[in-house]
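Okay, so here's the structure we're looking at.
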Amino acid sequence: MGALLLGLWTPTALAAGWAEVTPGLDAEALRSRLGPPSSRWKTRHGEVQRFVGKRAPEGARSLEVTLEAQHVRRLQVQPVGWTQQRLEREYGPACATPSEPAPCWVRVKGGALVYAKRGLTARLKGRAVQSLVFVAPPAVSAPTVTSATPPTPEPAAALEQKPTVEASSNTAPPEAVSPSSGEPVASAAEPAPSLEASQEPASPALSEDPAWGEVSGFTPVTEEPSTPTPTSAPTETLGVKGLGLSGKLRVQSFFVPVSPAEGKTVGRQSVDLSLKSEVTFGAGHAAGTLVARRDFADSSRDRFDVDELFVTLKGDHLRLTAGRQLVTWGSATLTNPTDVLNPVDYRDVLRTEKRGAWMARAGLVLESFLAEVYYLPVPEAHLLPSFTGVADDGTLQSSSPWVVGSVGGGPSPIPLRYQVRSESMGSPTPKNAQLAGRLAFSLAGTDVSLGQAYLIDHLPTLTSSVQVADPPTSADVTLALSYRRQRVTTLDVERTFGGLRVAAEAALIHTLRTRPEEPEDRFLSYVLGGDYQTPEFLGDHQLRFFLEFAQTRGVGAPLRDDFVRRLRYPLERALWGRVEWQAGRRWTAMLTAATALNRYDVLVLPEVEFSFSDVLRARVGGAILRGDKNSFFGSYRDNSRVEGLLEASF
């Protein structure tokens, strides 16, 4: 039994897919894993979505996904730094005999390597892997191979052996060719499947075929298995189709060029480790992500917690997911006002982190229509920079460089004493339950999504009360931070015209009053923008441009003006932009900028990234914050910095 469990938990590439995307995955799950695509277009076989640059999964220059009936039919990946040795380590070696039990490859006419049992075709240039194409694999027990002088089988018998495999569009001549290396070659009488040309829907019988257990599991893109791929026999015994384990080790550092204010903690010397595991079984899959961090410069950022832990059950049209999840709403790229379900870590405003939330989620998928409902039993607040109190002169007290300024207006005629009272967000009771729903559909080539949520605000609302002494020689000011209910209505629209993608999203947020003395707070945030990707030039270079206009405005009343507003709506009217330059397989340069349109308030983020391999990358960059004294970025101009990152995946 111990040997069986050891075999099951060996990190290995069992899935016929890339970055958790496999043939058969539904469109909504694809979006939750990769986000919106760089571009999309329609073909007679379905919709094609392309992910490039920063939107491509790790280890890939680009990923093209073909969707048919709202499910992934085909993937095409351009991997970074893959060789034939890495390919064989991940998916299996050359087939030695026709009865080879483990997944292995056959070289077909044109030089491509076909893993028939995995539904994978690999195209190479020399020893370098140029592309990987995944489709649902045929129901075969082993690939068919021939020697240099194969017998000539009857064509009818060949077709009978592989009823679900289409013939290659480039059929081999009658005489099979054997390369000098002795690699097996597919015979002409039984042509290998042309997986890139295949466009027929996957057979429903595949989900019940034993061979399917070897290709429907989880394959982290950065996986480096150190042991041979086990056969599917032990996993089938337990009803498990695939198991995966991956991880990342990240080292980060930054420094500021100016001396920090007294009492402020500035800088970063952190080490992050994240481990992700996923298991695929008959009716769905389960996944979990554990994150550990030690920041030697700022201990407030230390963490050791589970970011994701969920189980998904899927039927023909119904999907149920329960646990701690990361969910993405919205189609914009640089700022997303409609993404309201998950809490966010704001302790570093320039490097925010979305956190998982406990929820149950049910989705109904019908062709190009999706209906979802969410139940969130546990209220969870945003993680804010540490705030310790208010000095007698009203100055905010904190060791965080992101807490600056003061409360109150002008000078007071009498001394003031401040007291801060923070209320709990609430326990996970039915009274504090949160609900949300969303409808998504495609109309005349345009993707539309409508959402409604009844939540507890992730950010606190600030109220104040004053008690004047008698005689009036001083006053006590109580600042109360409380979490209130919100009604949120969202809309996002997206359409692609070749290399141009246009997106818009809006959120109407109404913070409800719980006591008569509390103010109403209703505001609208919206984004209009798009991005354009150039064709490749200089061989393998590409440029991508992003531009978004964002505005927040009060509805029925002006926007609130307190120190919490810096995070709620930092820029009332702004222009965001980004330029990405993919310079070959190794280099990526990116420049992101934001500027307010109603005052001097600017952020500039230059970055350069180099990939040593598909499992090791380094990045250097910086942040320049400028603006008026009372502007958002201008208030933090001393936080301008130079930073570096080194990340290894396994």
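Residues -15 to -1, 1 to 635, numbered by mature numbering (1 follows the signal peptide of the UniProt record, and there is no 0), are exactly what the sequence shown covers, in order.
For each residue, glycine too, the CB sits at the ideal point set by N, CA and C.
With burial defined as no fewer than 16 other Cβ atoms inside 10 Å of the residue's Cβ, what is the status of W314: buried or exposed? Here residue 314 refers to the residue found at position 329 of the sequence shown. W314 is classed as buried because its beta carbon has at least 16 other beta carbons within 10 Å across all chains shown.
Beta-carbon separation (whole angstroms), D623 vs V256, contact threshold 8 Å: On the sequence shown, position 638 is the one that residue 623 refers to. On the sequence shown, position 271 is the one that residue 256 refers to. In this structure D623 is not in contact with V256, their Cβ atoms being roughly 26 Å apart against a cut-off of 8 Å.
Of the residues R25, L15, R18, A282, the one placed nearest D516, counting alpha carbons only: Numbered from its first residue, the sequence shown carries residue 516 at position 531. Shortest Cα-Cα distance from D516 to any of R25, L15, R18, A282 involves R25.
Which of helix, strand or coil does DSSP assign to S620? Within the sequence shown, the letter at position 635 stands for residue 620. Under the three-state reduction of DSSP output, S620 falls in the helix class.
Taking its Cβ as the centre, do 16 or more other Cβ atoms sit within 10 Å of T519, making it buried, or is it exposed? Within the sequence shown, the letter at position 534 stands for residue 519. So T519 counts as exposed.
For T12, the first and last residue of its enclosing alpha helix (DSSP H): Sequence index remark: in the sequence shown, residue 12 carries index 27 (1-based). Reading the sequence as shown, one finds Ala at residue 12 and not Thr. Run containing A12: 12 to 19, per the alpha helix (DSSP H) assignment.
Using three-state DSSP, classify P364 as helix, strand or coil. Position 379 of the sequence shown, counted from the first residue, corresponds to residue 364. Correct three-state label for P364: coil.
Using DSSP's beta-bridge definition, name the partner residues of R550. Position 565 of the sequence shown, counted from the first residue, corresponds to residue 550. Per DSSP, none; premise fails for R550.
Complete runs of the beta strand (DSSP E) confined to the stretch 28 to 106 [at least 3 residues]: If we require 3 residues or more, the beta strand (DSSP E) runs fully inside the stretch 28 to 106 come out as 31 to 37, 45 to 53, 56 to 64, 98 to 100.
Contact check, L109 vs Q55, beta carbons under 8 Å: Along the sequence shown, one-based indexing puts residue 109 at 124. Along the sequence shown, one-based indexing puts residue 55 at 70. The Cβ atoms of L109 and Q55 lie no closer than 8 Å to each other.
By how many angstroms is the C-alpha of W3 removed from the C-alpha of A152? Numbered from 1 along the sequence shown, position 167 holds the residue referred to as residue 152. Numbered from 1 along the sequence shown, position 18 holds the residue referred to as residue 3. Reliability of the predicted coordinates at A152 is poor, the pLDDT of 34 falling under 50, and no value is obtained from them.
Which residues DSSP lists as bridging F372, in chain order: One-based indexing of the sequence shown puts residue 372 at position 387. Here F372 is not bridged, per DSSP, to any residue.
Apart from the five residues just before and just after R551, which ones in its own chain have a Cβ nearer than 7 Å to its Cβ? Position 566 of the sequence shown, counted from the start, is the residue given in the question as residue 551. Taken in chain order, the residues that qualify are F617.
Which residues bound the beta strand (DSSP E) around L464? Working through the sequence shown from its first residue, we reach residue 464 at position 479. It spans 460 to 467 - the beta strand (DSSP E) in which L464 sits, taken as one unbroken run.
Between the stretch 626 to 634 and the stretch 592 to 608, do three or more beta carbon pairs fall short of 8 Å? With a cut-off of 8 Å, the stretch 592 to 608 and the stretch 626 to 634 count as touching, because enough Cβ pairs lie within range.
Contact between the stretch 435 to 445 and the stretch 410 to 426 (3+ Cβ pairs under 8 Å): Short answer: they touch.
Simplified DSSP assignment, three categories, for R286: Taking the first residue of the sequence shown as 1, we reach residue 286 at position 301. Here R286 sits in helix by DSSP.
Residues that G515 bridges to, as DSSP identifies them: For the purposes of this step, residue 515 is identified with residue 530 of the sequence shown, where counting begins at 1. Per DSSP, V487, L532.
Where E357 falls, given that 16 or more other Cβ within 10 Å makes a residue buried: Your numbering for residue 357 matches position 372 in the sequence shown. Here E357 is buried. Its C-beta has 16 or more other C-beta atoms within 10 Å.
Tell me which residues share the same chain as G20 and place their Cβ nearer than 7 Å to its Cβ, disregarding the 5 neighbours each side in the sequence. Locating residue 20 in the sequence shown gives position 35, where the first residue counts as 1. The beta carbon of G20 sits closer than 7 Å to those of R40, T313, all from its chain and outside the five residues before and after it, given in chain order.
Can you check which of these residues, L228, G541, S371, W566, is closest to F595 by C-alpha distance? Along the sequence shown, read from residue 1 onward, the residue named residue 595 stands at position 610. Distances from the CA of F595 to each of L228, G541, S371, W566 were compared; the closest alpha carbon is that of W566.
Find out if the Cβ-Cβ distance for the pair A488, S316 is shorter than 8 Å. Residue mapping note: residue 488 aligns to position 503 of the sequence shown, counting from 1. Residue mapping note: residue 316 aligns to position 331 of the sequence shown, counting from 1. In contact: A488 and S316 (Cβ atoms closer than 8 Å).
According to the neighbour-count rule (16 or more other Cβ atoms, all chains shown, within 10 Å of its Cβ), is E533 buried or exposed? Within the sequence shown, residue 533 is the residue found at index 548, counting from 1. Answer is buried; the Cβ neighbour count reaches 16.
Coil, strand or helix - K416 by DSSP: In the sequence shown, the residue the question calls residue 416 occupies position 431. Under the three-state reduction of DSSP output, K416 falls in the helix class.
Could you round the C-beta distance between V62 and A45 to whole angstroms and report it? I think they count as a contact, below 8 Å. The sequence position of residue 62 within the sequence shown is 77, counting from 1. The sequence position of residue 45 within the sequence shown is 60, counting from 1. Going by Cβ atoms, the distance from V62 to A45 rounds to 5 Å, so yes, they are a contact pair.
Residues in its own chain within less than 6 Å of K261 by CB, not counting five upstream and five downstream? The residue you call residue 261 lines up with position 276 of the sequence shown. Around K261: S231, T274.
Cut-off 6 Å between Cβ atoms - residues of its own chain near T323, not counting five sequence neighbours on either side: Position 338 of the sequence shown, counted from the first residue, corresponds to residue 323. Scanning its chain for C-beta atoms nearer than 6 Å, with the 5 sequence neighbours on each side dropped, one finds around T323 the residues W314, G315, T475, D477, E490, A492, in chain order.
Buried versus exposed, by CB contacts within 10 Å (16 or more), D378: Reading the sequence shown from its first residue, position 393 is the one you call residue 378. Classification for D378: exposed.
Among H270, F597, L466, A271, which one has its Cα closest to the Cα of G374? Your numbering for residue 374 matches position 389 in the sequence shown. Ranked by Cα distance from G374, the first of H270, F597, L466, A271 is L466.
Can you check whether the CB of M344 is closer than 8 Å to the CB of L355? The count along the sequence shown starts at 1 and reaches residue 355 at position 370. The count along the sequence shown starts at 1 and reaches residue 344 at position 359. No. Outside cutoff.
What does DSSP give as the partner residue(s) for W572 in the beta ladder? If you number the sequence shown from 1, residue 572 lands on position 587. In the DSSP assignment, W572 forms a beta bridge with A568, F595.
Would G348 and R304 qualify as a contact pair, given that the criterion is a beta-carbon distance under 8 Å? The sequence position of residue 348 within the sequence shown is 363, counting from 1. The sequence position of residue 304 within the sequence shown is 319, counting from 1. A contact, by the Cβ cut-off of 8 Å.
Our contact map puts D432 next to E479 with C-beta atoms below 8 Å; I'd like the distance itself, whole angstroms only. Against the sequence shown, residue 432 aligns to sequence position 447. Against the sequence shown, residue 479 aligns to sequence position 494. With a beta-carbon spacing of about 5 Å, D432 and E479 fall inside the 8 Å limit used to define contacts.
Please classify R529 as buried or exposed, where buried requires at least 16 other C-beta atoms within 10 Å of its C-beta. Counting from one through the sequence shown, the residue named residue 529 turns up at place 544. Buried, since its Cβ has 16 or more Cβ neighbours within 10 Å.
Using the beta-carbon count (16 or more within 10 Å), is I494 buried or exposed? To locate residue 494, count along the sequence shown from 1; it is residue 509. The C-beta of I494 has 16 or more other C-beta atoms within 10 Å across all chains shown, which makes the residue buried.
My assumption, with CB atoms under 8 Å, is that L105 sits in contact with Y76. Please give the rounded CB distance. Taking the sequence shown and counting its residues from 1, the one referred to as residue 105 is at position 120. Taking the sequence shown and counting its residues from 1, the one referred to as residue 76 is at position 91. That belief holds up - the Cβ atoms of L105 and Y76 are roughly 6 Å apart, short of 8 Å.
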